[in-house]
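> Handing you a structure now.
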Amino acid sequence: NSPIDLKRVYDIPVEHLSGADEVIVGMTITYDGFLAFVTSRGLLGVVSRDFNAAYFYSLEGAVSNSIACDENGGIYIVSSTNMYRIQWTGSELSSFEEDGGWVAKYENECGAVGSVALDAGSGSTP
């Protein structure tokens with residue numbers, strides 16, 4: 139018996155998913171109290187804690203690492219092809235530099251996937 143009570147369940151709208159095997163691989167909470175997640179196929183989502191508002195952003199590449207955020211609205215994600223700083227404004231997600239976001243392509247570690255590496259990529263969580 140767990141003392142934890144399930145309060146609500148959020149289902150990602152199917153129109154935002156790329157396939158039946160897509161799963162959440164990382165999650166954090168933003169400084170303004172929203173839940174941020176990223177899926178294995180590169181969908182970034184930011185959802186209000188009452189699940190009444192949701193915002194989505196599609197990334198290039200697969201994701202197998204968790205995510206991080208900063209106090210200025212930056213959400214950091216590393217995919218199999220790029221490192222991202224997606225700016226969360228409280229009402230939208232942006233990778234544009236004028237909004238505070240950026241995308242940096244990198245040469246990924248294409249070596250053997252082992253006990254530490256789950257997939258080809260940067261080799262670390264942001």
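Numbering (the working numbering), first residue to last: 139 to 264.
Ideal Cβ placement from N, Cα and C applies to all residues, glycine included.
(1) Taking the alpha carbon of His-183 as the reference point, which residue from Tyr-244, Gly-238, Leu-231 has its own alpha carbon closest?
(2) Short of 6 Å in beta carbon distance, which residues of its chain neighbour Phe-175, apart from the five on each side in sequence? Order them along the chain.
(3) At 3 residues or longer, what runs of the beta strand (DSSP E) sit wholly inside the stretch 141 to 201?
(4) Could you give the first and the last residue of the continuous beta strand (DSSP E) run that contains Asn-139?
(5) Is the beta carbon of Trp-240 less than 8 Å from the beta carbon of Ser-233?
(6) Give the range of the beta strand (DSSP E) segment to which Asn-220 is assigned.
(7) Please name the residue in Ser-229, Ala-206, Gly-199 whose C-alpha comes closest to that of Tyr-193.
(8) Can you name, in chain order, every residue of its own chain whose Cβ lies under 7 Å from the Cβ of Gly-171, other than the five neighbours on each side?
(9) Restricting to Cα atoms, I'd like to know which of Tyr-195, Ile-167, Ile-150 is closest to Asp-208.
(10) Please list, in chain order, all residues of the same chain as Tyr-195 whose beta carbon is under 7 Å from its beta carbon, the five residues on each side excluded.
(11) Using CA atoms only, rank isn't needed, just tell me which of Ile-150, Asn-190, Ser-156 is closest to Gly-199.
(12) Which residues in the same chain as Asn-220 place their Cβ atom closer than 8 Å to its Cβ, once the five residues preceding and following it in sequence are excluded?
(13) Which residues does DSSP list as the beta-bridge partners of Gly-239?
The relevant details are as follows:
(1) According to the sequence provided, residue 183 is Gly. The question's His does not apply to it. The residue with the shortest Cα to Cα distance from Gly-183 is Leu-231.
(2) Excluding residues within five positions, the ones whose Cβ falls inside 6 Å are Ile-162, Met-165, Gly-183.
(3) Whole beta strand (DSSP E) segments, 3+ residues: 162 to 167, 173 to 177, 181 to 185, 192 to 196.
(4) Where Asn-139 is concerned, there is no enclosing beta strand (DSSP E), given that its DSSP letter is neither H nor E.
(5) Yes. Within cutoff.
(6) Residue range 220 to 226 is occupied by the beta strand (DSSP E) that includes Asn-220.
(7) Comparing Cα-Cα distances from Tyr-193 to each of Ser-229, Ala-206, Gly-199, the minimum goes to Ser-229.
(8) If we look at Gly-171 and ignore the five residues flanking it on each side, its Cβ neighbours are Arg-187.
(9) Considering only alpha carbons, the answer is Ile-167.
(10) The residues are Leu-182, Ile-224, Leu-231.
(11) Per the Cα distances, Ser-156.
(12) Cβ within range, chain order: Leu-197, Glu-198, Gly-199, Val-241, Ala-242, Lys-243, Tyr-244.
(13) For Gly-239, which the question treats as bridged, DSSP gives no partner whatsoever.
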